[in-house]
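Have a look at the structure below, then the notes.
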Amino acid sequence: MPSKKPRAHEGPHKYQKIAIGTKGYQVYKCVLPGCNHNVQLALALNLETLCHICNTITIITKDMLIRGKEVLKPLCLDCRATRLRVREQLISIGRTPPEEEE
Ligand SMILES: [Zn+2]
Ligand SMILES: [Zn+2]
613 MPSKKPRAHE
623 GPHKYQKIAI
633 GTKGYQVYKC
643 VLPGCNHNVQ
653 LALALNLETL
663 CHICNTITII
673 TKDMLIRGKE
683 VLKPLCLDCR
693 ATRLRVREQL
703 ISIGRTPPEE
713 EE
């Protein structure tokens, strides 16, 4: 039996912004089962992640990392566009769109 530790998963990590430690220091942590990988928010630029809706590989871009407003769950371009349309439709019928979906 090889002693090499198996990787937790194939392909890119799936990052989600979470607070760690007692000071609530925020990082992007991989949410895939068995994976403890995490990275500082500022260092997540241009990293590959999986879209939280459709699991397509997508790149973390500058506009996802606006200081203090870093996205909770990175989405691919298509899913972001879809979500934007839904928000606009909700606003157009006078409803308040939810902040972040689960
Ligand atoms: Zn991972
Ligand atoms: Zn997507």
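For the sequence shown, my numbering begins at 613 and goes up steadily by one. A virtual CB, placed ideally from N, CA and C, is assigned to each residue, including glycine. Since this is a predicted model, take the numbers as computed values, not measurements.
How many Å lie between residue i and residue j at the Cα?
| i | j | result |
| --- | --- | --- |
| Pro-710 | Pro-618 | 39 Å |
| Gly-636 | Val-698 | 32 Å |
Under the criterion of a Cβ to heavy atom distance below 7 Å, does residue i qualify as lining ligand 1?
| i | result |
| --- | --- |
| Ala-620 | yes |
| Leu-655 | no |
Looking at residue i: is its Cβ nearer than 8 Å to the Cβ of residue j?
| i | j | result |
| --- | --- | --- |
| Leu-657 | Ile-678 | no |
| Ala-620 | Leu-659 | no |
| Thr-708 | Cys-688 | no |
Beta carbon of residue i: closer than 7 Å to some heavy atom of ligand 2?
| i | result |
| --- | --- |
| Cys-663 | yes |
| Cys-647 | no |
Going by other Cβ atoms of all chains shown within 10 Å of its Cβ, with 16 needed for buried, is residue i buried or exposed?
| i | result |
| --- | --- |
| Leu-696 | exposed |
| Leu-653 | buried |
Do the segment 622-632 and the segment 659-675 meet, that is, are 3 or more Cβ pairs less than 8 Å apart? yes
Okay, do the segment 673-689 and the segment 627-642 touch, 3+ Cβ pairs below 8 Å being the bar? yes
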